[in-house]
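For what it's worth, the working numbering labels the leading residue of the sequence shown as 13, then goes sequentially. All C-beta atoms, glycine included, are put in the ideal place defined by N, C-alpha and C. Reading through the structure tokens given below for one structure.
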Amino acid sequence: MNAINTEKIVYHIKYERIKNVYIQIKNGEVIVKAPRYISKKYIDKIVEEKKNWILKKLEETRNIEPEREYTNQDAIKLKDKLDSIFPELIQKTKLVPNKIRIRNIKYAWGSCSSNKNITINLKLVDKSDEEIKYVVLHELCHLKYMNHSNEFWNLVGKYMPNYKEVRKKLKYNS
Ligand SMILES: [Zn+2]
13 MNAINTEKIV YHIKYERIKN VYIQIKNGEV IVKAPRYISK KYIDKIVEEK KNWILKKLEE
73 TRNIEPEREY TNQDAIKLKD KLDSIFPELI QKTKLVPNKI RIRNIKYAWG SCSSNKNITI
133 NLKLVDKSDE EIKYVVLHEL CHLKYMNHSN EFWNLVGKYM PNYKEVRKKL KYNS
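Structure, rendered in structure tokens:
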């Protein structure tokens, strides 16, 4: 990607095998997707024409609320919930973790290490009991399968038949 400056709008060009020019706003950045044969001059012209739209979109992304602060109270509240969810699921699955921790992590709702330590994301305090249950179950099943194989998903489904819906709600990616 090349970074280019026009008078006001900074944008990046991404050349692709496409026929038209597309403008995209992603993470507060302006990305212009264009076919390779399009000149920079032409792209400048399009960006200039779409300036109002781009500025409006940039403004919208800036107005997104920042992530809230999590406190000790949140940790206590989540721990309370986990104190009933874990024993219930451990009893059902017979899968026993070594340690359970609560952390404010960035990219996952939970994680499971090879030492059988499970970490649960503090941000789950804002989610429903069903969603928290799903994350706990997901991580417990990793004690048996350290991957996302069919066997893993079968095991999750055995204890939570509607896990696909819950997973979708959470946008789970680990
Ligand atoms: Zn996983």
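### Query
Going by Cα to Cα distance, which pick from P99, A120, K31 and E41 is closest to L24?
Here the sequence assigns His to residue 24, which means Leu is not the residue at that position. The option with the nearest alpha carbon to H24 is E41.
### Message
Can you tell me whether E151 sits near ligand 1, meaning its C-beta is under 8 Å from at least one heavy atom of the ligand?
### Response
yes
### Query
So who's on the other strand from Y122, going by DSSP bridges?
Inspection of the sequence shows that residue 122 is occupied by Gly rather than by Tyr. According to DSSP, G122 bridges with I132.
### Message
Quick test of your reading: K156 and L167, contact by CB under 8 Å. State the CB separation rounded to the nearest angstrom.
### Response
6 Å
### Query
According to the Cβ coordinates, are P109 and I130 closer than 9 Å?
yes
### Message
With H, G and I counted as helix, E and B as strand and the rest as coil, what does DSSP make of R48?
### Response
coil
### Message
So for Y34, helix, strand or coil by DSSP?
### Response
strand
### Query
Would you call K145 buried or exposed, if buried means 16 or more other Cβ atoms sit within 10 Å of its Cβ?
buried
### Query
What is the rounded straight-line gap between the Cα of K128 and the Cα of M158?
10 Å
### Query
For A46, which residues from the same chain have a beta carbon less than 7 Å from its beta carbon, with the 5 sequence-adjacent residues on both sides left out?
I25, Y27, V33 and I55
### Query
Mind checking K183: buried by the 16 CB within 10 Å criterion, or exposed?
exposed
### Task
Classify I117 as helix, strand or coil using the three-state DSSP reduction.
coil
### Message
Is H24 a contact residue of ligand 1, with contact defined as CB to any heavy atom under 8 Å?
### Response
no
### Message
Taking the straight line between their C-alpha atoms, what separation do you get for R48 and I66?
### Response
22 Å
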